[in-house]
Amino acid sequence: MNKLEHLALAGVRGLTSYQAGKPAEELERELGLSEIIKLASNENPLGAGKLARIVLRKGCNELSRYPDGSGYDLKNKLASRLNVEADQIVLGNGSNELLELVARVFVSAENEVIFSEHSFAVYSLVTQAIGAKAVVVPASDWGNDLSAMLTAITDATRLIFIANPNNPTGTWIAGDELEAFVRQVPDHVIVVIDEAYFEYVQEPDYPNAVNWLPSCPNLLVTRTFSKIHGLAALRLGYGIASSDMSELLNRVRQPFNVNTLASVAGLAAIDDHEHIQNSIKTNHQGLRQIEQACNSLGLAYIPSVGNFLCIDFSKPAMPIYDALLREGVIVRPVANDKMPDFLRVTVGTCTENARFIDALCKVLA
Ligand SMILES: *Cc1c(COP(=O)(O)O)cnc(C)c1O
């Protein structure tokens with residue numbers, strides 16, 4: 095029992111800490127297995143690109159100085175890529191930090207925060223930590239039900255989180271539909287569109303929410319270097335918003351929230367077009383590989399445009415997760431997302447996917 099819990103804020107008392115994907119080292123220690131593959135946290139199986147690795151080696155000579163707290167170079171580079179002003183960008187220690195900053199700025203314990211069932215766990219975490227009311231809207235076809243979300247708005251609503259594509263389900267929202275939604279949200283509500291998997295999506299109707307910023311001062315779009323750029327370990331993400339919103343977020347941000355190595359690597363990664371293209375291609379082929387295996391095993395799955403796939407076992411999936419662990423394959427249970435019959439598998443390299451598929455066949459036999 096935690097003896098200090100009665101002193102903690104009410105919201106914190108009800109929280110359980112975020113359950114990350116199991117680290118490969120932990121499984122190694124527990125089961126004495128080697129050659130473990132981890133397909134549990136939607137990381138890039140190709141790792142960081144060559145350009146980022148080169149500057150990281152050089153960056154090791156500059157560790158005694160504090161980082162540039164204004165993030166001048168990276169913000170300017172991102173701004174020119176995204177066709178926005180540098181003062182519209184806020185850098186974060188992972189895009190997760192942006193999710194927390196926006197809640198800190200706009201939400202109090204008296205407010206409500208809307209997000210979908212089966213959505214990213216961090217939305218409920220930041221909401222509960224503040225002690226605000228989480229309004230969890232039932233999903234429609236495993237994705238965000240935008241009209242139900244509009245209906246859920248009250249005078250107390252301050253924030254709506256939408257991931258496009260959604261994690262863990264991999265569903266996505268077309269531009270017309272999402273833009274109409276954003277424009278209908280009343281002025282007292284902030285909308286966050288979390289585009290962590292933006293670069294992976296190939297569908298022609300998939301929107302770039304940054305284009306709506308000039309006429310949507312209440313919109314925050316978040317992106318990350320953790321997925322397509324393969325830099326999850328460095329913790330680097332960013333938000334794009336109106337300059338008024340960015341200025342508010344910067345007020346509560348820690349002065350040196352983004353470290354020097356992360357910013358130099360991010361700067362290099364933006365220009366590593368070869369690595370980005372390889373990552374997209376590897377993901378696309380890998381998704382097809384895993385989908386085909388599911389089809390031949392008679393397993394249903396939720397069609398995904400991300401770098402992961404939720405597989406439906408039509409029965410509690412935890413025993414399958416455990417059996418896969420014993421085969422040295424780590425995937426992600428999503429029972430906490432109210433999907434007890436599913437496992438989420440991150441798309442790996444062709445070899446990793448094949449190992450996962452072999453293990454799955456063995457486990458299901
Ligand atoms: C992975 C992911 C993120 C990225 O988090 P970082 O803090 O940038 O590593 C954000 N949102 C969603 C929905 C994700 O799946």
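Going from the sequence shown to this note's numbering is simple: count from 1 and add 94. Built from N, CA and C at the ideal position, the CB exists for glycine as well.
Per-residue burial, residue i [other beta carbons within 10 Å of its own, 16 or more giving buried]
i: residue 186; result: buried
i: residue 207; result: buried
i: residue 357; result: buried
i: residue 126; result: exposed
i: residue 136; result: buried
i: residue 410; result: exposed
i: residue 307; result: buried
i: residue 399; result: buried
i: residue 159; result: exposed
i: residue 433; result: buried
i: residue 194; result: buried
i: residue 174; result: exposed
i: residue 408; result: exposed
i: residue 98; result: exposed
i: residue 106; result: exposed
i: residue 164; result: exposed
i: residue 459; result: exposed
i: residue 100; result: exposed
i: residue 235; result: exposed
i: residue 369; result: buried
i: residue 348; result: exposed
i: residue 157; result: exposed
i: residue 155; result: exposed
i: residue 96; result: exposed
i: residue 389; result: exposed
Beta-carbon proximity list for residue i, same chain, < 6 angstroms, skipping 5 on both sides
i: residue 217; result: 209 and 255
i: residue 205; result: 226, 250 and 252
i: residue 246; result: 208, 229 and 231
i: residue 394; result: 406
i: residue 353; result: 161
i: residue 442; result: 133 and 139
Closest Cα partner of residue i within the set the options
i: residue 456; options: 221, 391 and 412; result: 391
i: residue 103; options: 247, 157 and 221; result: 221
i: residue 350; options: 155, 191, 263 and 415; result: 191
i: residue 294; options: 112, 319, 275 and 153; result: 319
i: residue 113; options: 431, 408, 352 and 126; result: 431
i: residue 444; options: 427, 379, 393 and 397; result: 379
i: residue 241; options: 263, 273, 370 and 214; result: 273
i: residue 374; options: 322, 340 and 348; result: 322
i: residue 203; options: 166, 224, 212 and 214; result: 224
i: residue 451; options: 348, 211 and 385; result: 385
i: residue 268; options: 183, 292 and 335; result: 292
i: residue 361; options: 145, 383 and 278; result: 145
i: residue 435; options: 338, 442 and 212; result: 212
i: residue 298; options: 309, 270 and 310; result: 270
i: residue 337; options: 312, 263 and 447; result: 312
i: residue 180; options: 340, 264 and 278; result: 340
i: residue 243; options: 262, 263, 441 and 280; result: 280
i: residue 366; options: 300, 215 and 147; result: 147
i: residue 364; options: 264, 388, 182 and 142; result: 142
i: residue 397; options: 453, 276, 264 and 171; result: 264
i: residue 326; options: 301, 310, 359 and 237; result: 359
i: residue 259; options: 324, 300, 275 and 233; result: 300
i: residue 447; options: 381, 324 and 420; result: 381
Residues near residue i by beta carbon distance below 7 angstroms, same chain, minus five either side
i: residue 196; result: 253, 284, 286, 314 and 343
i: residue 355; result: 150, 153 and 328
i: residue 129; result: 422
i: residue 198; result: 346
i: residue 427; result: 411, 412, 415 and 437
i: residue 176; result: 304 and 334
i: residue 449; result: 131 and 423
i: residue 429; result: 412
i: residue 468; result: Not covered by the structure: residue 468. The range shown for the chain is 95 to 459.
i: residue 440; result: 133, 134, 135, 136, 137, 401 and 402
Cβ neighbours of residue i in the same chain (closer than 8 angstroms, five flanking residues each side left out)
i: residue 282; result: 249, 251 and 252
i: residue 424; result: 115, 116, 118, 121, 130, 131, 132, 133, 134 and 418
i: residue 219; result: 109 and 112
i: residue 189; result: 288, 290, 316, 317, 318, 320, 331, 332 and 333
i: residue 372; result: 140
i: residue 167; result: 357 and 361
i: residue 296; result: 374, 378 and 399
i: residue 278; result: 244
i: residue 237; result: 210, 260, 263, 265, 266 and 267
field: Beta carbon shell of ligand 1 at less than 5 angstroms from a heavy atom
entry: 188, 189, 190, 214, 257, 261, 288, 290, 318, 320 and 331
message: Please give me, in chain order, every unbroken run of the alpha helix (DSSP H) with length at least 4 that falls completely inside the region 163–205.
response: 166–176 and 189–200
- prompt: What beta strand (DSSP E) runs, 3 residues minimum, are completely inside the region 285–362?
  reply: 313–318 and 331–335
- request: Enumerate, from N- to C-terminal direction, the unbroken alpha helix (DSSP H) stretches of 4 or more residues contained entirely within the region 410–455.
  value: 412–420
- prompt: Considering only residues of the region 246–282, which uninterrupted beta strand (DSSP E) runs meet the minimum length of 3 residues and lie entirely inside it, listed in chain order?
  reply: 251–257
task: Within the region 366–407, note down every full beta strand (DSSP E) run reaching 3 residues or more, in order along the chain.
output: 394–396 and 402–406
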